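Asker: Dropping a structure here in structure tokens format, bear with me for questions.
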Ligand code: SF4
């Protein structure tokens, strides 16, 4: 088990191997389809992309007195192309679910970044690991806005590492 | 003629949709527990442990099982001797609207394929109606997430492709989907009919009781063989490899044209949210 507190540096990236269980504590940023499109268009993020960890999620509505709604990962392949300019600007880790394209894997290695998965369909469990939530950008997108999350022991597995390995047994890397 | 107020239908739809988004069926949870105990790899075991922990937390009723709380799919089997008072479709949609609001569920329906504006209340539901004998209304209700639905497909095989052709198609589809439909999955297969009929019976197949077996011995055998062979693919929980890729294979068939062999494969993820109510 490996504990990581973002921002993430290149030395950490090099040590990670496929199948490693990672527990994140600290700040991660949510972004999915619409937020990626806008972020790449504007390239004026309200947070430091250098060493940043992005989490692909669109939570359910938050009940009064709760920090966040159910917040499991969404499929990552939809973000494959838009991830490239973000990695070029310093994003080091992306958390989602499922296989991604070969081109993504190539660009990820080139940019010294890592792709992790959280367990899909465990949004209630993952919500219990989120201690604070603040809307940062694109509030008008509702669940698709960019949120800053403070997490504690947020569980993930390394799915693609910089040494060119993949965790997945099936799945076409389209 | 028995009468049924549409208000009763509306309330039943709301209640079912909220409940299913927070609580999995016991029989399904037991299947996941067995799967966890049988897993040989550490990482797949730990993923199944997280899935089981998740359903324990969701059961408390604060946060739903999954953030994708689905699009509502409703099969309404209407007894011929039943008179529904009010507009059935509007009643079902009112029920959906209330469920997604009162149940703190995510509204995941957009109105237009290209402008992608959210309808903001998770309506309209996908509604299928069928006339049946009797004076009751049976509703089969599902909240269907996109991750597994997006990996589903319909293919028009040639009759000469036969059983082996169907098996290959199903296995290729599941292998190629990998972790994206959130395995362990349930595989609903519709064989026969035409393009839309095969898809409909495949959807009905994923709503079948997990322990029931097809009454036709050839189809029952195919369900068993596919169950085994899909698990031998080794896709595993969330696609990371392992012994459990599916926990059920259900096949429905329908007569077809002499020149056709339509096959629909509908994938249901482990957030297996469905219910049946008889009113
Ligand atoms: S595929 Fe199912 S479990 Fe996975 S994220 Fe979608 S709805 Fe949830």
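Chains as they are written, first to last, in the working numbering: chain A, 1199 to 1372; chain B, 34 to 312.
Ideal Cβ placement from N, Cα and C applies to all residues, glycine included.
Fair warning: this is a prediction, and the values are worked out from it, not measured in the lab.
#1: Return the residue from the list 1300(A), 1296(A), 1366(A) and 1221(A) that minimises the CA-CA distance to residue 215(B).
#2: Cβ closer than 7 Å: which chain B residues qualify as neighbours of residue 1326(A)?
#3: Count the other CB atoms within 10 Å of the CB of residue 1203(A); is the residue buried (16 or more) or exposed (fewer)?
#4: Contact defined as beta carbons within less than 8 Å: I believe residue 178(B) pairs with residue 271(B). What is the distance between those atoms, to the nearest angstrom?
#5: Between which residues of its own chain and residue 299(B) is the CB-CB distance below 6 Å, once the five residues before and five after are set aside?
#6: Which chain B residues are close to residue 1255(A), counting only those with a beta carbon under 8 Å from its beta carbon?
#7: Measuring only between beta-carbons, confirm whether residue 1259(A) sits less than 8 Å from chain B.
#8: Need the endpoints of the alpha helix (DSSP H) that residue 202(B) sits in, please.
#9: Report the three-state DSSP secondary structure of residue 255(B) (helix, strand or coil).
#10: Would you tell me roughly how many angstroms separate the C-alpha atoms of residue 168(B) and residue 37(B), rounded to the nearest one?
#11: Any contact of the region 1230 to 1243 of chain A with the region 1264 to 1283 of chain A, i.e. 3+ C-beta pairs under 8 Å?
#12: Report the rounded CA-to-CA distance for residue 1242(A) versus residue 1276(A), giving the unit in angstroms.
#13: Residue 282(B) to residue 258(B), Cα distance in whole Å?
#14: At 8 Å on the CB atoms, spell out the chain B contacts of residue 1267(A), in chain order.
#15: Can you tell me whether residue 303(B) sits near the ligand FMN, meaning its C-beta is under 7 Å from at least one heavy atom of the ligand?
#16: Buried or exposed for residue 1328(A), going by 16 or more other Cβ atoms inside 10 Å?
#17: Going straight from the alpha carbon of residue 208(B) to that of residue 224(B), what length do you get?
#18: Please find out if some non-hydrogen atom of the ligand SF4 comes closer than 7 Å to the beta-carbon of residue 1229(A).
#19: At a cut-off of 7 Å, would you count residue 1354(A) as near the ligand SF4, judging by its Cβ distance to the nearest heavy atom?
#20: Taking the beta carbon of residue 72(B) as the centre, do at least 16 other beta carbons fall within 10 Å, making it buried, or is it exposed?
#21: Grouping DSSP H, G and I as helix and E and B as strand, with all else coil, what is residue 1325(A)?
#22: Between the C-alpha atoms of residue 1345(A) and residue 288(B), what's the straight-line distance to the nearest angstrom?
#23: Since residue 1354(A) and residue 1323(A) should fall inside the 8 Å C-beta cutoff, what is the C-beta to C-beta distance between them, to a whole number of angstroms?
#24: Heavy atom of the ligand SF4 less than 7 Å from the Cβ of residue 101(B), yes or no?
#25: Around the C-beta of residue 47(B), are 16 or more other C-beta atoms found within 10 angstroms, so that it is buried, or is it exposed?
#26: Can you name the start and end residues of the beta strand (DSSP E) that residue 1223(A) belongs to?
#27: Would you tell me roughly how many angstroms separate the C-alpha atoms of residue 190(B) and residue 241(B), rounded to the nearest one?
#28: Whole angstroms are fine: how far does the CA of residue 1258(A) sit from the CA of residue 1349(A)?
#29: Do you know how far the Cα of residue 1325(A) is from the Cα of residue 56(B)?
#30: Alpha carbon to alpha carbon, how far is residue 68(B) from residue 81(B)?
#31: Any heavy atom of the ligand SF4 within a distance shorter than 7 Å of the CB on residue 226(B)?
#32: Note down, in chain order, each residue of its chain lying with its Cβ closer than 7 Å to the Cβ of residue 255(B), except the 5 sequence neighbours on either side.
#33: Quick one, are the C-beta atoms of residue 1211(A) and residue 1311(A) less than 8 Å apart?
#34: Under the three-state reduction of DSSP, which class applies to residue 1264(A): helix, strand or coil?
#35: Tell me the DSSP secondary structure of residue 166(B) in three-state form.
#36: Is any non-hydrogen atom of the ligand SF4 found closer than 7 Å to the C-beta of residue 210(B), if you look at the structure I gave you?
Answerer: Reading off the structure:
#1: What you label residue 215(B) is simply residue 182 of the second chain in a count that begins at 1. For residue 215(B), the nearest C-alpha among the options comes from 1296(A).
#2: As a working mapping, residue 1326(A) is identified with position 128 in the first chain. Chain B residues near residue 1326(A): 90.
#3: Position 5 of the first chain, counted from the first residue, corresponds to residue 1203(A). Answer is exposed; the Cβ neighbour count stays below 16.
#4: To locate residue 178(B), count along the second chain from 1; it is residue 145. To locate residue 271(B), count along the second chain from 1; it is residue 238. Incorrect: roughly 14 Å between the Cβ atoms, too far for contact.
#5: As a working note, residue 299(B) is residue 266 in the second chain. A distance below 6 Å between beta-carbons, with the five flanking residues on each side excluded, links residue 299(B) to the following residues of its chain, in chain order: 185, 221, 235, 236 and 239.
#6: Taking the first residue of the first chain as 1, we reach residue 1255(A) at position 57. Simply 100.
#7: To locate residue 1259(A), count along the first chain from 1; it is residue 61. Residue 1259(A) counts as touching chain B.
#8: For the purposes of this step, residue 202(B) is identified with residue 169 of the second chain, where counting begins at 1. 195 to 210 is the extent of the alpha helix (DSSP H) around residue 202(B).
#9: Reading the second chain from its first residue, position 222 is the one you call residue 255(B). Helix at residue 255(B).
#10: What you label residue 168(B) is simply residue 135 of the second chain in a count that begins at 1. What you label residue 37(B) is simply residue 4 of the second chain in a count that begins at 1. Whole-angstrom Cα-Cα distance: 10 Å.
#11: With the cut-off at 8 Å, the region 1230 to 1243 of chain A and the region 1264 to 1283 of chain A touch.
#12: In the first chain, residue 1242(A) corresponds to position 44, counting from 1. In the first chain, residue 1276(A) corresponds to position 78, counting from 1. Residue 1242(A) and residue 1276(A): Cα-Cα distance of roughly 22 Å.
#13: Here residue 282(B) corresponds to residue number 249 of the second chain, with the count starting at 1. Here residue 258(B) corresponds to residue number 225 of the second chain, with the count starting at 1. Our two residues, residue 282(B) and residue 258(B), have alpha carbons roughly 9 Å apart in a direct line.
#14: As a working note, residue 1267(A) is residue 69 in the first chain. Within 8 Å Cβ-Cβ: 96, 97, 100, 137 and 139.
#15: Absent from the structure shown: the ligand FMN. Ligands present: the ligand SF4.
#16: Reading the first chain from its first residue, position 130 is the one you call residue 1328(A). So residue 1328(A) ends up on the buried side.
#17: What you label residue 208(B) is simply residue 175 of the second chain in a count that begins at 1. What you label residue 224(B) is simply residue 191 of the second chain in a count that begins at 1. Each residue's Cα considered, the two are about 20 Å apart.
#18: Numbered from 1 along the first chain, position 31 holds the residue referred to as residue 1229(A). Checking the Cβ of residue 1229(A) against the ligand SF4 gives no.
#19: Stepping through the first chain from its first residue, residue 1354(A) is reached at position 156. Checking every heavy atom of the ligand SF4 against the Cβ of residue 1354(A), none is found closer than 7 Å.
#20: Your numbering for residue 72(B) matches position 39 in the second chain. Its Cβ being crowded by 16 or more others within 10 Å, residue 72(B) is buried.
#21: Position 127 of the first chain, counting from 1, holds the residue named residue 1325(A). The answer is helix: DSSP assigns residue 1325(A) an H, G or I state.
#22: The residue you call residue 1345(A) lines up with position 147 of the first chain. The residue you call residue 288(B) lines up with position 255 of the second chain. Roughly 52 Å between the two C-alpha positions.
#23: In the first chain, counting from the first residue as 1, residue 1354(A) sits at position 156. In the first chain, counting from the first residue as 1, residue 1323(A) sits at position 125. So it is not a contact: roughly 12 Å between Cβ atoms.
#24: Counting from 1 along the second chain, the entry for residue 101(B) is found at position 68. Yes.
#25: Taking the first residue of the second chain as 1, we reach residue 47(B) at position 14. When all chains shown are included, residue 47(B) counts as buried.
#26: As a first step, residue 1223(A) must be located in the first chain, where it is residue number 25. Residue 1223(A) -> beta strand (DSSP E) spans 1219 to 1228.
#27: As a working note, residue 190(B) is residue 157 in the second chain. As a working note, residue 241(B) is residue 208 in the second chain. Rounded to the nearest angstrom, the two C-alpha atoms are 25 Å apart.
#28: For the purposes of this step, residue 1349(A) is taken as residue 151 along the first chain, with counting starting at 1. For the purposes of this step, residue 1258(A) is taken as residue 60 along the first chain, with counting starting at 1. Rounded to the nearest angstrom, the two C-alpha atoms are 17 Å apart.
#29: Locating residue 56(B) in the second chain gives position 23, counting from the first residue. Locating residue 1325(A) in the first chain gives position 127, counting from the first residue. Going by the C-alpha atoms only, they are around 16 Å apart.
#30: By 1-based counting over the second chain, the position of residue 68(B) is 35. By 1-based counting over the second chain, the position of residue 81(B) is 48. So the alpha carbons of these two residues sit roughly 8 Å apart.
#31: Looking up residue 226(B) in the second chain gives position 193. No, the beta carbon of residue 226(B) sits no closer than 7 Å to any heavy atom of the ligand SF4.
#32: As a working note, residue 255(B) is residue 222 in the second chain. Apart from the 5 residues on each side of it in sequence, residue 255(B) sits with its Cβ closer than 7 Å to the Cβ of 196 and 284 in its chain, given in chain order.
#33: Start at 1 with the first residue of the first chain, and residue 1211(A) comes out as number 13. Start at 1 with the first residue of the first chain, and residue 1311(A) comes out as number 113. Yes, Cβ-Cβ distance for residue 1211(A) and residue 1311(A) is below 8 Å.
#34: Counting from 1 along the first chain, the entry for residue 1264(A) is found at position 66. Assigned with DSSP and collapsed to three states, residue 1264(A) falls in coil, not helix or strand.
#35: Working through the second chain from its first residue, we reach residue 166(B) at position 133. In the structure shown, residue 166(B) sits in coil (DSSP, three-state: anything other than H, G, I, E or B).
#36: Here the question's residue 210(B) lines up with position 177 in the second chain. No.
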